Amino acid sequence: MVNKQPAYGVGLAYRRFFHSDILANRNSIDFLELPTIDYVERSRRILGDPSGSFMREIREALPCVAHGISLSVGSVEAPAVDILHKTRAFLDEFEVDEFSDHLTFHRMGDQDLSVFMSMPFEDKAAQWMAHQYNESKRVLGQDFGLEVVTYTFPVAASKMTEVEFINRVADYCDCWFLFDAANLFINSTNHKYDPLKYLETLNGERVLHMHMAGGHYQDGEWIDSHSQPVPDEVFEMLELALQHTSARAIILERDDEPGNFGSITDDLERAREIFYKYRPREVPDELVKHGAPKFKASKALPEIDIANLPPELAGMRAYQEALITCAFEMADGKHHGSSKEEIIAGYDLPDEWKNRWSQMDWKQMLNLKRKMGYVQEFEDNAARFYRMVEMQEWAQQLGPQEIFKSRADG
Ligand SMILES: [Fe+2]
Ligand SMILES: [Fe+2]
4 MVNKQPAYGV GLAYRRFFHS DILANRNSID FLELPTIDYV ERSRRILGDP
54 SGSFMREIRE ALPCVAHGIS LSVGSVEAPA VDILHKTRAF LDEFEVDEFS
104 DHLTFHRMGD QDLSVFMSMP FEDKAAQWMA HQYNESKRVL GQDFGLEVVT
154 YTFPVAASKM TEVEFINRVA DYCDCWFLFD AANLFINSTN HKYDPLKYLE
204 TLNGERVLHM HMAGGHYQDG EWIDSHSQPV PDEVFEMLEL ALQHTSARAI
254 ILERDDEPGN FGSITDDLER AREIFYKYRP REVPDELVKH GAPKFKASKA
304 LPEIDIANLP PELAGMRAYQ EALITCAFEM ADGKHHGSSK EEIIAGYDLP
354 DEWKNRWSQM DWKQMLNLKR KMGYVQEFED NAARFYRMVE MQEWAQQLGP
404 QEIFKSRADG
């Protein structure tokens, strides 16, 4: 029987390599956040959990929410309908009520950076985000959360601050937010703003889930790699955010396979101590009876026709396309030795966007190239892991005698 309790307290992002550790430590984990990518991407599902038996075991053991990384809601193009349908199929199959993806863009056409990029912080971009959220929600059949992401660089000459932009998105639609304590630490450090002022400005009522994770410091910049235990600074952000938001489901993200599960349960325990300073011990009745609260847009969203975009959005689309193409070209070694001006002049962009792009410190494009390399390495490791799972399963199906016999045969 599927566990239908709501997610409340401190949970863990499910990773297949923790499967048996999670079951063995289920009393220290309040709920799990399931990565939809392992089920939306055909190869991962086929190699990782073809019959869904791992997921069913997990769904019986603990309450679950789900998290995706593939929607690219901010891309100024048609929504990713195929991914949305597969996500919906996953949520239906395993009876998961709460889902989130990210407040960002990372794809244009068939080019996907897999690195989250900042939207321009301005009204038209908030309108686009809300429009695309509404379109996605229609296919998904339910409202969903948007995670506030880390970004290598903001878009130059944006008219709002990051937090004003997030609030504006909420004004235009009924989304809720996933707020990441590590991202607040990383963004406020890298982009130099005061996290407390940020939280005081944020529409905290919309924040229902939170992430926390440990990243690493590289070339003078914090990277959100989920590779380390949660540092003190992130626990401080978690504590601040609990005082300024409605968050009731805190999720630890850890992506590197650790030697022992103990450092994970230590982080969960420490987060739980902080959580219960600000939240009741018992799951609130309201949440058990009625589920997650529903929100409403407070501003009218103008109609947007994707076939006939207003100039601001057509410009934003051209910028997204040029930026993504350029990042791939730079990763392939193109543009070596060319100046920023020469590179930008080579793309089909309105002058306003050429100007905005050229205000950027070009070192940041190189940082982006490095991040793409980091994601690639992570993806390669994941692919290796799934190949290993497949081989283990083959070996189990064959059994020791058959392997011995086939070796003896030749
Ligand atoms: Fe995320
Ligand atoms: Fe996160």
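Each residue of the sequence shown is one higher than the last, beginning at 4 in my numbering.
C-beta atoms are modelled at their ideal positions from N, C-alpha and C, and glycine is treated no differently.
Quick caveat, the model's predicted, so the values are computed rather than measured.
Check each candidate in 19, 200, 185 and 325 and name the one with the smallest Cα separation from residue 37. 19
What did DSSP end up calling residue 208 once you bin it into helix, strand or coil? helix
Using CA coordinates, which residue listed in 226, 244 and 109 is at the minimum distance from residue 208? 244
Using a threshold of 8 Å, is the CB atom of residue 113 nearer than that to any non-hydrogen atom of ligand 2? no
Given a cut-off of 9 Å on the beta-carbon distance, is the pair residue 172 and residue 132 in contact? yes
Assign residue 279 to one of two classes, buried (16 or more other C-beta atoms within 10 Å of its C-beta) or exposed (fewer than that). exposed
Is the stretch 376-396 close to the stretch 262-269, with three or more CB pairs under 8 Å? no
Would you please state the rounded distance, in angstroms, between the beta carbons of residue 91 and residue 43? I believe it to be under 8 Å. Wrong, their Cβ atoms sit about 10 Å apart, outside the cutoff.
Since I believe residue 218 is in contact with residue 185 (beta carbons under 8 Å), could you give me their beta-carbon distance rounded to a whole number of angstroms? 6 Å
Residue 48 versus residue 35: straight-line alpha-carbon distance, rounded: 18 Å
Paired residues, beta bridge with residue 26 - DSSP: DSSP, once it has assigned bridges, lists no residue as partnering residue 26.
Can you tell me the Cα-Cα spacing of residue 62 and residue 251, whole angstroms? 20 Å
For ligand 2, I want to know if residue 259 counts as a neighbour, meaning its beta carbon is within less than 8 Å of at least one of the ligand's heavy atoms. no
Between the alpha carbons of residue 414 and residue 227, how many angstroms are there, rounded? What is shown of the chain runs 4 to 413, which leaves residue 414 out entirely.
Go to residue 69, then tell me how far its alpha helix (DSSP H) extends in each direction, as first and last residue. Residue 69 -> not in any alpha helix (DSSP H); beta strand (DSSP E) instead, spanning 67-70.
Limits of the unbroken beta strand (DSSP E) element including residue 229: 224-231
Would you check if the distance between the CB atom of residue 315 and the CB atom of residue 127 is smaller than 9 Å? yes
With a cut-off of 5 Å, give the chain-ordered residues whose Cβ is closer than this to any heavy atom of ligand 2. 183 and 214
Best match in 26, 17, 33 and 351 for proximity to residue 2 [C-alpha to C-alpha]: This structure leaves residue 2 out entirely; the chain is present only between 4 and 413.
Helix, strand or coil for residue 410, going by three-state DSSP, please let me know. Below a pLDDT of 50, predicted positions are generally treated as unreliable, and residue 410, at 46, falls in that range; the measurement from the model is reported next regardless. Residue state, collapsed to three classes: helix.
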